[in-house]
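Okay, so here's the structure we're looking at.
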Amino acid sequence: MQIRELDIDVTVTAGAALCPLQDGEPEVTGVIKEALAAVEQARARRAPFARFDKALFGDPARNLAIMSGLSAAMAKGELVLNYQPKLDLRTGTYTAAEALMRWTDPERGYVPPDAYIPFAEETGHIRELTEWSLERALVDQVALSKAGEQMAIAVNISSTLLTDAAFAARAAQLASQSRAGLIFEVTETAIMADVDLAIRTLEMWARAGVKISIDDYGTGQSSLAYLKRLPANELKLDRAFVKEVTTSQRDRMLVKSTVDLAHNLGLTLTAEGVEDDQTLSVLKLMGCDSAQGFGLCKPCSLIDLVGFMQRQKESAEPLVRGDRRRGPSGMVS
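Number 1719 in my numbering belongs to position 315 of the sequence shown; there are no gaps in the numbering.
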């Protein structure tokens, strides 16, 4: 379209829902809500069209019950942070760990993050959850220090919080209390939603001593023009590019080019989704700085993390081989 001599690209996203009959008349209100939900489902898949998927939409009553229970879970201590350590491939040591929220409800049992994080983002509860995560991470970091482990802790920051000035200030205040350092992981997509505002927020966090990590790199839509402007310290390469790096020449080329890009921009590169020693060796040869994945250590409790770190120190070899060292999950570590 042309508006005031400007060419504007316009795209259309459509959603459809079946309209049931009630007493011979169409039930309009419900079907409009479902059609609007279908539009959002299409946008989430970056598709031009979607039919309403009831399974994907879930049970609204159940979703409301989950969100109601979430705030109570924080007060009751049902929420905990698990940690997945990150291996520095240059030194063969673990110097950082990613914090991952876990919720075990007395009635529902384990509630996976996918069951409540999206709704927390929609309802605004994500700020409360993230602030709790930051506060808990600081407490756990002190416990690690007392156990002789100085580890930076990475916390995932939702896209909705990058534009929340009050949260940004609170996060900076909390980060300034960390002695071993905090890392905020944000996705490409989150930054691209409002680049200028995101950069201002990231710069404020950087001034507070926070290291910025661009998570799931390669799956979003960022451009080099924006990437060079970000006050970032690290790129985390999505597991999609890592899982076949030992068998796919194309994937190896993509990984190597991303490593070179990161280094040329003064960033480190961490490979996610490492499952075995062969993948680890290939990534190290390509110049990756760090690695993370189930093949090294599954997410584990704070106590298990301390035990895992102590076992690493007892071993003479910096990198794993065979079956000699196992993480708290029983996986090869």
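Even glycine gets a Cβ: it sits at the ideal position worked out from N, Cα and C. Just so it is clear, the structure is predicted and the values come from calculations on it, not from any experiment.
Exercise. Between E1482 and K1490, is the Cβ-Cβ spacing less than 8 Å?
Worked result: no
For this session: Could you name each continuous alpha helix (DSSP H) segment of 4 residues or more that falls completely within the region 1681-1711, going from the start of the chain to the end?
Result: 1681-1689
Problem set entry | Assigned exposure category for M1405 - 16 Cβ within 10 Å defines buried | exposed
Problem set entry | Whole-Å CB distance - V1649 paired with T1683, under 8 Å assumed | 6 Å
Problem set entry | Residues bridged to K1615 [DSSP beta-bridge criterion] | I1587
Exercise. Out of A1602, V1414, D1620 and L1542, which has the shortest C-alpha to C-alpha gap to A1584?
Worked result: L1542
Exercise. Hey, does S1685 have any beta-carbon neighbour from chain B nearer than 8 Å?
Worked result: Going by chain labels, chain B is absent from the structure shown, which holds only one protein chain.
For this session: Mind checking which residues open and close the alpha helix (DSSP H) that includes K1640?
Result: Premise fails: K1640 lies in the beta strand (DSSP E), E1638 to L1641, not in any alpha helix (DSSP H).
Exercise. T1593 by DSSP, collapsed to three states: which one?
Worked result: helix
Exercise. Counting pairs of Cβ atoms below 8 Å between the region 1584-1604 and the region 1556-1564, do you hit three or more?
Worked result: yes
For this session: Below 8 Å on the Cβ atoms is my guess for G1699 versus V1678; work out the distance and round it to an integer in Å.
Result: 5 Å
Exercise. Cα separation between A1418 and T1433?
Worked result: 18 Å
For this session: Check V1414 in the structure and name its three-state DSSP category.
Result: coil
Exercise. Straight-line CA distance for R1715 to I1707?
Worked result: 13 Å
For this session: Round the Cβ separation of P1635 and E1589 to the nearest angstrom and send it over; I've been treating them as touching at under 8 Å.
Result: The Cβ separation is near 14 Å, so there is no contact.
Problem set entry | Residues that N1560 bridges to, as DSSP identifies them | E1589
Exercise. What first and last residue would you give for the beta strand (DSSP E) that runs through V1484?
Worked result: L1483 to D1492
Exercise. If you draw a straight line from the alpha carbon of L1565 to that of A1610, how long is it in whole angstroms?
Worked result: 16 Å
For this session: Compute the beta-carbon to beta-carbon distance between I1470 and Y1520, rounded to the nearest angstrom, for a pair I have assumed lies under 8 Å.
Result: 5 Å
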